[in-house]
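First the structure, in the form of structure tokens, and then the observations on it.
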């Protein structure tokens, strides 16, 4: 049943109305757009003899502000009626008066008009349209949304001048002769001249948001057909064009496009005939920065008006061309072997046939020659074929879906993520290039690096958003690339102005998102490609609005991709540098280099090759040889090179190798299988359907080599190593500890492949519920999320060490987190001998020392105890050597410690040096003095030192052994034996308590 309301006049300056609040509320809840709604107003007759009046208008999208004020009305029949607000001048043209009661009907499923023919009501209206054609074009759809044959529509120019138009006809025909207007609707305005003026007129056409004017007279020539075509570059065609040798400008279109331009060719057989036409370039959107710069640099000039003279500047400049037919082109496009003056590739031009001119016939091969346009070679990208295919398929699929729709609200978007240097920019450019050359799409690419605009004022950024969007829509189908989007739409942080970032993000969503209420632009044929380090680097509103339909993550190249990238970069360098070459007898082993550059991005590999070439240049400075690039140059360049992903990340460096660890053979084997083999034999493990282990727990007695094993992993497994101690994580403030855990895993992910080592793991992740402060409970929850929760691990291995595995939360010990637990047991006799041999490599051990005897005498000693035993024996030797040192050697030492007198030449005459500077200078002088001595003196001193070399004997070890005891007592060892046995064979949430607990360790948790 229609709802009644009263007409109320409000100066809206449009042909739209504000609806009552009772109607506005349900429309808002159902998310009905004003562009898809028509409002039917029917005046309620006061008596049966009154003629019924009706009108079809559009909705502003707003509610009537005066409807609530209408409840206090004296007449009882009108009490409680709401109001519908309308412009008073437009209301009078519709025959509606203030206070009229109307019935409101809402029409939802109306069709859109393809073309609307109108005429001005007066000649003054026509003159205003001619003067302000561009403004009428840009504001028409914001003032008029419904057209009915015979009904008047009003358009306000610059908000002051009213222009009245009458609807003459609609295409297609519709019920009640009412249709909606859209950006694809062509609105034609017929001229209406003043009776006293010459019969020259202009016909203005508004076609999908673009306007043009053409000189005409009120004859059939006024309806001369024209076409809006897009200019394609010739190099993207599958076949080369034939260039005409004459002076005429040639253009080629498809057969169906030629018929629309020149209908007379419909019945002609295909022939080499070109028809004359005029071409006019349509002006694209203007870059706000360029227009602002011109306004600042160009001084205003006075305008001289000459009444009575023709305004030649308003006429559009055109150029004559000849149009031919080509098969390898889709409709709506034109290709020029040589561009007309003022026309660029991807421009929109208007083609008007010149039927009075003669055609140009091209016959034979004398007048044509094959034209091969210059085309830049495609950039080589290795290891990203799957990503390229996924992005291209997304764009082609969306373009095909858009082609089946009349209107698309919101931009179809794809986000490309990855750390710095992985090649996001190169990938999006490659995708845009592939779509540009694809005959199914022929997309225009508008690339923008938004980083330079990050600090621009908000109004400037808003105008840039509008310009980027309008430019892409103007050249559609098109790809809009917004590189480094996080620089302008970054996540909120304490250091940045969160209000400004949120404001800019809301402006972006209001233009690009389909959920924005104000989104009225038809984004059909527009695809958005954006890059950012991760979705979390963007503002949370971006993720909430779901503007990106697909997110593609770019990972660093694998071994094969790195090999191909290195080979390509080196080949390009050798091509550019003619004198540089590879050694013919020792070519560069790119497979080996790919193995040694794990975790490197494409940018890192480019820098590595540049450093290797620099090493060749440095070597040529000292050697008079031909420049040859060798593996030695790459090894030297890689020695101190830090990849981009590892900069500002503190990594652990270790000198411990497997040879420095005695015993623990089984533990070492499992460590190598878990950490070293997947990296060393990546292709083999990639084919395995099983999930690989990513976490290990080392538990065992104190001093049995848990931390030493982790140090050896850092050097031997070829992985980056980050060591974490318990106190570094725990913080009493809520959220601080969890943030530290997230930052640690982000560091490890940036440095992958990486080993993350947690020492004393029981202090970081004890059982939940046993901490009075709740800090460790939150740390455990965060670690569960990071290790195998919502995020999981990729290229990061977790290695934890503890002597009390029973105190660790059981959830961390389940498969998927710390997959396997390795016991570092007390060494037996054979392992103790291995440990003694490994430790004694760093000291001088006499040949008479019997390590078997020492191993049997050290029952209950841990690896740390055995190391302390050898080091204490070495100190015994040093102390004995000092006591027995001859007196003359002590005097020689004193003589060497005497200062050397010197004279400074040059520099400040009275330079005052600190004691440290003076000592450093004396050491340099002593080195110079020692080097100037005869060789015999130096070698003689070395011979004496070798002859008197001190060694550890069996007696030294026995003396130290008498005063050394195991660090783990027998009672403590029994208690730990029980704990480890329960942990390995009878694991539960609460381990069984050992019988007769003695001394420390009575508590089973940290409470």
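In the working numbering, the protein residues as written are 109 to 1115.
For every residue, glycine included, the Cβ atom is placed at its ideal position computed from N, Cα and C.
As the structure is a computational prediction, the values presented were derived from the model and not from experiment.
Min CB distance residue i to chain B below 8 Å
| i | result |
| --- | --- |
| residue 335 | Judged by its chain identifiers, the structure shown contains no chain B, having just a single protein chain. |
Candidates the options, of which the one nearest residue i by Cα
| i | options | result |
| --- | --- | --- |
| residue 111 | 254, 762 and 152 | 152 |
| residue 693 | 725, 715 and 737 | 737 |
| residue 679 | 664, 695, 795 and 850 | 695 |
| residue 1081 | 982, 808 and 929 | 808 |
| residue 787 | 875, 518, 836 and 702 | 702 |
| residue 124 | 791, 395 and 165 | 165 |
| residue 666 | 658, 489 and 837 | 489 |
| residue 650 | 690, 594 and 851 | 594 |
| residue 1012 | 1029, 1022 and 1024 | 1029 |
| residue 462 | 453, 387 and 508 | 387 |
| residue 1089 | 912, 291 and 732 | 912 |
| residue 622 | 521, 719, 647 and 668 | 521 |
| residue 356 | 444, 857, 598 and 344 | 444 |
For residue j and residue i, the rounded distance between their alpha carbons
| i | j | result |
| --- | --- | --- |
| residue 1034 | residue 766 | 40 Å |
| residue 1009 | residue 1037 | 12 Å |
| residue 1003 | residue 1031 | Per-residue confidence for residue 1003 stands at a pLDDT of 47, beneath the threshold of 50, marking its modelled position as unreliable; no derived number is given. |
| residue 884 | residue 872 | 6 Å |
| residue 479 | residue 432 | Below a pLDDT of 50, predicted positions are generally treated as unreliable, and residue 479, at 48, falls in that range; no measurement from the model is reported. |
| residue 676 | residue 541 | 20 Å |
| residue 1087 | residue 868 | 17 Å |
| residue 891 | residue 964 | 44 Å |
| residue 1071 | residue 931 | 29 Å |
| residue 796 | residue 919 | 27 Å |
| residue 217 | residue 206 | 30 Å |
| residue 299 | residue 570 | 37 Å |
| residue 495 | residue 674 | 20 Å |
| residue 457 | residue 274 | 29 Å |
| residue 556 | residue 563 | 15 Å |
| residue 727 | residue 716 | 17 Å |
| residue 227 | residue 534 | 52 Å |
| residue 295 | residue 545 | 34 Å |
| residue 936 | residue 816 | 18 Å |
| residue 967 | residue 1067 | 17 Å |
| residue 342 | residue 504 | 21 Å |
Same chain, Cβ closer than 6 Å to residue i, five either side skipped, listed in chain order
| i | result |
| --- | --- |
| residue 927 | 801 and 803 |
| residue 552 | 454, 583 and 586 |
| residue 762 | 819, 822 and 823 |
Cut-off 8 Å between Cβ atoms - residues of its own chain near residue i, not counting five sequence neighbours on either side
| i | result |
| --- | --- |
| residue 219 | 280, 282, 287 and 288 |
| residue 236 | 265, 269 and 271 |
| residue 954 | 1059, 1060, 1061 and 1062 |
| residue 849 | 837, 887, 890, 891 and 894 |
Residues that residue i bridges to, as DSSP identifies them
| i | result |
| --- | --- |
| residue 358 | 430 |
| residue 386 | 428 and 460 |
| residue 910 | 807 |
| residue 1119 | Look at the range of the chain in this structure, 109 to 1115, and you will see that residue 1119 is not part of it. |
| residue 228 | 273 |
| residue 831 | 865 |
| residue 874 | 916 |
| residue 1060 | 953 |
| residue 555 | 589 |
| residue 111 | 212 |
| residue 441 | 338 |
Own chain partners of residue i with C-beta closer than 7 Å, once the 5 adjacent residues on each side are dropped
| i | result |
| --- | --- |
| residue 449 | 427 |
| residue 573 | 615, 616 and 619 |
| residue 393 | 575, 578, 579 and 582 |
| residue 814 | 806, 808, 909 and 932 |
| residue 764 | 816, 819, 820 and 823 |
Should the segment 860-875 be regarded as contacting the segment 931-949, the criterion being three or more beta carbon pairs within less than 8 Å? Taking 8 Å as the limit for Cβ pairs, the verdict is that the segment 931-949 does not touch the segment 860-875.
When you compare the segment 905-922 with the segment 814-831, are there three or more beta-carbon pairs, one atom per stretch, that lie closer than 8 Å? Cβ pair count under 8 Å is three or more, so yes.
With a cut-off of 8 Å, do at least 3 Cβ pairs link the segment 512-519 to the segment 632-646? yes
Between the segment 131-145 and the segment 262-271, do at least 3 Cβ pairs fall closer than 8 Å? no
Touch test, the segment 201-210 against the segment 112-119, Cβ-Cβ under 8 Å, three pairs minimum: yes
contact_flag[the segment 637-650, the segment 520-529] where n(CB pairs < 8 Å) is 3 or more: yes
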